[in-house]
Amino acid sequence: MRSSPWRRCICWCVRRCTALALRGAPRPVPRVAAADPQAVKGVSDFIFSAPFLLIGVFVVLLMAVTVALPAHMVNLLRENGLREVWVIAIPAGIGVIQVLGRLLLYFFEHHVDPHLANRLIPCLIPLGLLALLAAPLSADGQVGAVLLFVLLYGLGNGMLTIVKGTAIAQYVNRDHVATLNGALGLPLALARAAAPVLLGLLWTAQAGYTHGLWLLLALSVVGVGALMLAQQLALRSR
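Residues in the sequence shown are numbered from 0 upward in steps of one, following numbering that gives the first Met the number 0.
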């Protein structure tokens with residue numbers, strides 16, 4: 000069927016107006032630059048690279064640590080002999096501190112080198128665990144030690160979410176960040192499911208959660224070290 004004169008006229012006007020509107024617009028830049036060897040790499044090259052594997056260790060281990068504690072927090076605090084008011088207030092306080100931690104990221108973004116911030120923020124998690132482990136050792140300062148744990152762990156956990164979400168883009172590759180983050184989906188799901196169970200299995204009537212907390216502390220230190228090494232390798236390669 001032949002188009003009507005009116006339709007041809009309308010199509011010509013639309014094309015003409017579009018050409019006039021786009022006149023002077025910058026031409027599209029090719030997404031992959033041949034001179035950049037990083038740009039022509041495939042996803043598999045990045046998955047098996049040292050920075051990605053190290054960041055994977057960091058993300059999975061810190062995920063395990065941060066999901067293991069909440070499931071046992073009430074029993075852990077009761078085991079330390081804290082009053083019920085503290086047993087209820089402390090888990091709630093961690094949630095509030097997490098929000099404050101995310102607000103602090105605005106300060107870090109504008110006043111602190113982002114690579115330095117990425118090194119310091121994850122360290123708050125093992126420091127918080129140390130405070131929690133030290134709480135039973137001091138009967139007089141037990142509440143203060145637990146509150147220090149709430150502050151350090153809450154701030155660290157709140158800001159850690161952003162660090163884990165951006166580390167791959169900063170130290171591995173920006174173009175494939177969605178695929179690379181997706182590749183960690185299964186290990187993260189397994190860590191999220193297994194960590195609370197493992198912490199429960201490590202509980203004993205004699206030592207309580209002590210052995211489990213020391214394991215979480217060791218895992219968090221290994222995870223932080225893996226992130227620092229990945230950062231060092233990535234920045235050195237640039």
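Don't be surprised by glycine CBs; every beta carbon is placed ideally from N, CA and C.
Exercise. Would DSSP call G80 helix, strand or coil?
Worked result: Working through the sequence shown from its first residue, we reach residue 80 at position 81. G80: coil per DSSP, three-state reduction.
Problem set entry | Proximity below 8 Å, CB of G153 to CB of I96 | Here residue 153 refers to the residue found at position 154 of the sequence shown. Here residue 96 refers to the residue found at position 97 of the sequence shown. Cβ atoms of G153 and I96: closer than 8 Å.
For this session: Give the secondary structure of V223 by DSSP, where H, G and I count as helix, E and B as strand, and everything else as coil.
Result: Looking up residue 223 in the sequence shown gives position 224. Helix, per DSSP.
Problem set entry | Buried or exposed by the 16-neighbour rule on C-beta atoms within 10 Å, applied to F47 | The residue given as residue 47 occupies position 48 in the sequence shown. Exposed.
Problem set entry | Cα-Cα separation, A238 to V84 | Outside the displayed span of the chain (0 to 237) sits residue 238, for which this structure offers no information.
Exercise. Skipping 5 residues on each side, what residues in its chain have a beta carbon closer than 6 Å to that of H210?
Worked result: Residue 210 sits at position 211 when you count from the first residue of the sequence shown. Only L201 meet the Cβ criterion.
Problem set entry | Distance, H175 Cα to V64 Cα | The residue given as residue 64 occupies position 65 in the sequence shown. The residue given as residue 175 occupies position 176 in the sequence shown. Distance between the alpha carbons of V64 and H175: 27 Å.
Exercise. Nearest to L189 by CA position, among A133, L151, A67, is which residue?
Worked result: Residue numbering aside, residue 189 sits at position 190 when the sequence shown is read from its first letter. Among A133, L151, A67, the Cα nearest to that of L189 belongs to A67.
Problem set entry | Residue(s) in a DSSP beta bridge with G207 | For the purposes of this step, residue 207 is identified with residue 208 of the sequence shown, where counting begins at 1. For G207, which the question treats as bridged, DSSP gives the partners T203.
Exercise. In terms of alpha-carbon separation, which member of N180, L123, L147 lies closest to A133?
Worked result: As a first step, residue 133 must be located in the sequence shown, where it is residue number 134. Among N180, L123, L147, the Cα nearest to that of A133 is on L147.
For this session: Drop a sphere of 10 angstroms on the beta-carbon of L51, count the other beta-carbons inside from all chains shown, and report buried for 16 or more, exposed for fewer.
Result: Here residue 51 refers to the residue found at position 52 when the sequence shown is read from its first residue. One point to set straight first is that residue 51 is Phe, not Leu, in the sequence displayed. Answer is buried; the Cβ neighbour count reaches 16.
Problem set entry | Rounded C-alpha distance that separates V217 from T165 | Residue 217 sits at position 218 when you count from the first residue of the sequence shown. Residue 165 sits at position 166 when you count from the first residue of the sequence shown. One point to set straight first is that residue 217 is Ala, not Val, in the sequence displayed. When rounded, the distance between both Cα atoms is 24 Å.
Problem set entry | Stretch pair the segment 223-233 + the segment 52-62: three plus CB contacts closer than 8 Å | yes
For this session: With a threshold of 16 other CB atoms inside 10 Å of the CB of A130, please say whether the residue is buried or exposed.
Result: As a first step, residue 130 is located in the sequence shown; it is residue number 131 there, counting from the start. It counts as buried.
Problem set entry | Cα-Cα separation, A233 to Y170 | Within the sequence shown, residue 233 is the residue found at index 234, counting from 1. Within the sequence shown, residue 170 is the residue found at index 171, counting from 1. Approximately 5 Å between the Cα atoms of the pair.
For this session: Ignore the nearest five residues each way along the sequence and tell me which others in L104's own chain have a CB closer than 7 Å to its CB.
Result: Translated into positions along the sequence shown, residue 104 becomes position 105. Closer than 7 Å at the Cβ level, and outside the excluded window around L104, lie M158, I161.
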